[in-house]
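Here is the structure we will look at, set down as structure tokens.
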Amino acid sequence: MNIDELLPKTVDIICDAYDFYYSGVFLIDDAREFAVLKAGRGEPGRIMIENNHKLAVGGNSMIGACTALNQARISLDVDTEKVWYPNPVLPETRSEMALPLAIGNRVIGAVTVQSVEAAAFSDEDVSSLQAMANQLAIAIDNAASAANSTKPMPNCCAPKPLRPSRRHRRRHPLDWQQSRTYQRLG
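Heads up, the final residue of the sequence shown is numbered 189 in this note's numbering, and it's a clean run with no missing numbers.
So this is what it looks like as structure tokens:
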């Protein structure tokens, strides 16, 4: 499954399975300056993606802090949270959690989960969603590696066709002649 299919399915599964208001997946841009929303639940997600919604890594938001520190951020009451971005597209958010997507110490993004209820997240919710985020990070990294490996190599780096060495041809002339014959016939 490619990333464009995986991320929207992930946010839908989170919202459906846990009955949360909103979920989104952010990926860090190439300059490592912003976490860019790549998938978001429902109409709010669609609006933010169309508007290229992004939050500064290390900025004054749950996602910004999470991606800068490679640590989960959980606010059981966003009205009292100092590091929080009040998103006008998600006015009913009362609780939010931001979970890092990381491969070791390398943060590649974050997942946001939001609820209309204060104190909505249990310890089990946090641990199960962080486990899911860890698996998602691996899937994203694998998909990116696979995409990079399918790019054609420049001619200078392409593997050369295998051919027996001169030394091998001198020591095993019959093998060499037979392989040439088979090549001509095939």
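Ideal Cβ placement from N, Cα and C applies to all residues, glycine included.
Just to confirm the assignment, what range does the alpha helix (DSSP H) spanning residue i have?
i	result
Leu10	6–21
Arg49	45–53
Tell me where the beta strand (DSSP E) around residue i begins and ends.
i	result
Pro103	98–106
Ala113	109–118
Val81	Per DSSP, Val81 belongs to no beta strand (DSSP E) and is neither H nor E.
Leu58	57–59
So, with DSSP's three-state summary, where would you put residue i?
i	result
Gln74	coil
Ser64	coil
Val86	coil
Leu93	coil
Ser26	strand
Could you tell me the distance, in whole angstroms, from the CA atom of residue i to the CA atom of residue j?
i	j	result
Met65	Asn73	11 Å
Ile6	Ala121	32 Å
Leu9	Ala68	25 Å
Ser3	Ser78	This structure leaves residue 3 out entirely; the chain is present only between 4 and 189.
Ile141	Gly112	11 Å
Glu53	Pro47	10 Å
Strictly under 8 Å for the Cβ-Cβ distance: is residue i near chain C by that measure?
i	result
Asp80	Among the chains in the structure shown there is no chain C, since it carries only a single protein chain.
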